[in-house]
Amino acid sequence: MRAVNAVTTSWPGLRVDRPSFSAVAESELDAVHRYLLFLTGNRSVAEDLTGETFEKAFRLWRRFDPRRGTPRVWLCRIARTTALDYFRAEDRRRKREERYARDLPNAEEAPVGTGALGAALALLSPAEREVVALRVLLELDGPTAARVLGISTTACSTRLSRALKRLEEMMADARD
Amino acid sequence: MPATDTIDFEREFEDLVAELRALPSVAPDHVREHVRAFGEPDVGPQFWDRLVTFPWRRSLLVLAPVCVIGLVSAALVHGLVNSGPKREAVVTAHSGAAKTARAPAAGAFDSLPAPSPGRYQDYEAWMTLRVRDLQALTDRTNEAMQVVRAAGGYVASVQQSTPAGSPGQADLVLRVPIARVENVLVQLSTLGTVIDRHLSITDLEQVVRQQRARILQLKLFIARALEQLRGTLPADVRLRLQLQLEQARSDLSKLTGANKATLRQASLSRVSLTLTTQKAAGATKKSGSGRVDRAARDAASFLAAAGAVLLYLLIVLSPLLVLTAAVFWGVRAYRRREERRLLAST
Chain A
21 MRAVNAVTTS WPGLRVDRPS FSAVAESELD AVHRYLLFLT GNRSVAEDLT
71 GETFEKAFRL WRRFDPRRGT PRVWLCRIAR TTALDYFRAE DRRRKREERY
121 ARDLPNAEEA PVGTGALGAA LALLSPAERE VVALRVLLEL DGPTAARVLG
171 ISTTACSTRL SRALKRLEEM MADARD
Chain B
1150 MPATDTIDFE REFEDLVAEL RALPSVAPDH VREHVRAFGE PDVGPQFWDR
1200 LVTFPWRRSL LVLAPVCVIG LVSAALVHGL VNSGPKREAV VTAHSGAAKT
1250 ARAPAAGAFD SLPAPSPGRY QDYEAWMTLR VRDLQALTDR TNEAMQVVRA
1300 AGGYVASVQQ STPAGSPGQA DLVLRVPIAR VENVLVQLST LGTVIDRHLS
1350 ITDLEQVVRQ QRARILQLKL FIARALEQLR GTLPADVRLR LQLQLEQARS
1400 DLSKLTGANK ATLRQASLSR VSLTLTTQKA AGATKKSGSG RVDRAARDAA
1450 SFLAAAGAVL LYLLIVLSPL LVLTAAVFWG VRAYRRREER RLLAST
């Protein structure tokens, strides 16, 4: 499945073979989409941001260094930056609209999942959903996930634990 | 720790994790097609990408010791080169100074400025030479006097002391015609090992010119005054003129004397020569350890100079570095706070 690209990192003497972009895109697309879906909590936004993430990755592919991390981690970092840019833009837009058109209805969101789990996930903060996505769905280890999030490993573990606990409580409440 | 952490949450929230993983989250086909359409990027090397992908942190771990080793090596090479042949050559050139027929010590006074021909200059030189022993001290003192006399100069003073148990010393004050001083200094420098030398050249051209102009003015005034005194003048005017004439004659006499002294000063240079039997530490040693000492000293001074340059750069650049770091950390902190705020909202 993974084709090895003959083009290597640009420093002579530090040549490292790396997979081709198309092979990485093919294998990591679902993971990145899943991460963005959890982070944004919105299916259509996640789809847009997934496309945008891979566009950026395509442009920056020269800078990818396999010795620094896996393609998944590299793509997750780009996805995170893309999502944060989106959140900032949304934040500005919301503030503008609050100022000029307070009565505008919010755009309808397609949730992450269906049923009680989907509803519970929607109640988590993006930060909580993000850590769940990275640790549970993408199965990144603690230090790697912490690096992607820009926080300490302990903070990452605490955040995950809290998010899962909240999720479980909400699910239990929903069952009752 | 991470492994335990993974096992813990997998075990603690087993059902929830399974449920989360079972959520349908495959990317839709249109997104997949969109991504596939990108194809393969051109990964030709570009300068900026090279800079970005260069492993700076790891390279610093290698570069820092390499720089230190390079600096120490440069200091050692500098020390060895400077302690070796050059200084030894000077010692060798002067070690056979007792012989009458000597080659001029090339380089001993090559670097000193020579008097400018056609200009009035006060040329003064001081030189300290080391000689082998007390006998050599007497011989070289006599030779120095002969050299000066042969050049048309004279010995203004000689003081030789040879106290028991102490190094002998001879102090000579020599007056040498300025046209031959350069040659005399070269010859004197062959009498022993040059330990110390100083040179002072003061231009007297302006002084001589001013003196001559003033002399001319005074002569003109005297001539005019004499002319006026030959005619008829009121008694008080005559008296005042006579007094002025006397004063002018006195000034002229003093100024002419001063002018002659200046010209004499410009025609004869003054050379203060000290001959000593005192052994200079390090300079007389020709043994290997002496050279090693010199090399070590030179290397240390080289490193000290490099350290001084680094310290200077650090002092000059530190405000800029602090400012850059403050901006960097400030922007980073702001962005993190912003991220937390954005990701905290549901």
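Chains as they are written, first to last, in this note's numbering: chain A, 21 to 196; chain B, 1150 to 1495.
Just so it is clear, CB atoms sit at the ideal spot from N, CA and C, and this is done for glycine as well.
A contact between stretches requires three or more CB pairs, one per stretch, nearer than 8 angstroms, and the segment 1332-1341 of chain B meets this requirement with the segment 1294-1303 of chain B.
By the Cβ neighbour-count rule, T1473(B) is exposed, with fewer than 16 other Cβ atoms within 10 Å of its own. Contact of E67(A) with chain B by beta-carbon distance below 7 angstroms involves P1177, V1180. The DSSP-derived three-state label of S145(A) is coil. Residue state for T70(A) is assigned as helix, using DSSP reduced to three classes. Shown here, I1350(B) sits in a strand according to DSSP, grouped into three states.
With contact defined as three or more Cβ pairs closer than 8 angstroms, the segment 150-158 of chain A and the segment 52-67 of chain A are in contact. Interface residue (Cβ-Cβ distance to chain B less than 9 angstroms): V93(A) is not classified as such. Closest by C-alpha distance to T1425(B), out of A1186(B), D1320(B), F1203(B), is D1320(B). Remark: three or more beta-carbon pairs, one from each stretch, lie closer than 8 angstroms, so the segment 1362-1374 of chain B and the segment 1382-1396 of chain B are flagged as touching. Excluding sequence positions up to five before and after T70(A), its CB lies within less than 8 angstroms of the CB of L49, V52, H53, L56, A99, all in the same chain and listed in chain order. Secondary structure of A1263(B) (DSSP, three-state): coil. Shortest Cα-Cα distance from W94(A) to any of L154(A), M190(A), L184(A) involves L154(A).
In the DSSP annotation of this structure, the continuous segment of the alpha helix (DSSP H) that includes L1390(B) starts and ends at 1384-1416. As DSSP reads the structure, P1326(B) sits in a beta bridge with L1417(B). Bounds of the beta strand (DSSP E) holding R1279(B) are 1270-1279.
Against chain A, the CB of P1204(B) has a partner CB under 9 angstroms away; the residue lies at that interface. Between D68(A) and L1491(B), the gap from beta carbon to beta carbon reaches 9 angstroms or more. According to DSSP, D1288(B) shares a beta bridge with no other residue. Residue-level contact by beta carbon holds for H1183(B) and chain A, with a gap shorter than 9 angstroms. Between T60(A) and L1459(B), the alpha-carbon positions lie close to 51 angstroms from each other.
Proximity of chain B to S40(A) at the Cβ level (cut-off 8 angstroms) is accounted for by E1189, in chain order. Looking from the CA of S1310(B), the closest CA among R1398(B), V1330(B), Q1427(B) belongs to Q1427(B). The segment 1267-1286 of chain B and the segment 1347-1357 of chain B touch, with three or more beta-carbon pairs separated by less than 8 angstroms.
Only exposed fits C1216(B), as fewer than 16 other CB atoms lie within 10 angstroms of its CB. Pairing L1422(B) with V1280(B) gives a Cβ-Cβ distance that is not under 9 angstroms. For V1166(B), at least one C-beta of chain A is nearer than 9 angstroms to its own C-beta. Listed in chain order, the positions of the segment 44-58 of chain A with a beta carbon within less than 7 angstroms of a beta carbon of chain B are A45, L49, D50, H53, R54, L57. Proximity of S145(A) to chain B, defined by a Cβ-Cβ separation below 9 angstroms, is satisfied.
Between P39(A) and P91(A), the gap from beta carbon to beta carbon is short of 9 angstroms.
Within the same chain, and ignoring the five residues on either side of A1305(B) in sequence, the residues whose Cβ sits closer than 7 angstroms to its Cβ are V1322, L1323, R1324. C-alpha of T1277(B) to C-alpha of F1203(B): approximately 59 angstroms in a straight line.
Close to E188(A), with beta-carbon spacing below 7 angstroms, are these residues of chain B in chain order: F1162, L1165.
Between L104(A) and V152(A), the C-beta spacing is not below 9 angstroms.
Within the DSSP bridge table, the entry for Y1303(B) names R1324(B) as partners. Just measuring C-alpha positions, the residue of S64(A), F74(A), A175(A) sitting nearest E1182(B) is F74(A).
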